[in-house]
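Take a look at the structure set out below.
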Amino acid sequence: MKPIPGTLQEGGAAFQSTHWTLVLRARQSDPTETAREALSDFCEAYWPPLYTFLRLRGHASPEAQDLV
Numbered sequence: 000m001k002p003i004p005g006t007l008q009e010g011g012a013a014f015q016s017t018h019w020t021l022v023l024r025a026r027q028s029d030p031t032e033t034a035r036e037a038l039s040d041f042c043e044a045y046w047p048p049l050y051t052f053l054r055l056r057g058h059a060s061p062e063a064q065d066l067v
């Protein structure tokens with residue numbers, strides 16, 4: 000069965016190790032393309048586990064999506 004994006008079926012409950020170089024690039028005060036890409040990568044990596052965490056705590060899917 001193919002997982003449904005944005006649901007608990009999709010998985011992603013495990014947090015990855017924090018890549019601090021990515022965090023530092025994302026927080027640059029100058030909004031360079033590198034900083035935007037780093038922020039995008041950071042959000043892509045952390046969205047699934049944060050969403051799963053909220054869903055497992057009883058938040059409905061739309062609410063969990065809004066919170067993340």
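When we follow numbering that gives the first Met the number 0, the leftmost residue of the sequence shown carries the number 0, and every step to the right adds one.
Beta carbons are placed, not taken as given, at the ideal position from N, Cα and C, and that holds for glycine.
By the Cβ-count criterion, R26 is exposed, with fewer than 16 other Cβ atoms from all chains shown falling within 10 Å of its own Cβ.
Taking 8 Å as the cut-off, the beta carbon of Q64 is found no closer than this to the beta carbon of A44. The C-alpha of G57 lies about 37 Å from the C-alpha of E32. Here DSSP, grouped into helix, strand and coil, assigns S39 to helix.
Within the same chain, T33, A34 and A37 come within 7 Å of R24 by CB-CB distance, once the 5 residues on both sides are set aside.
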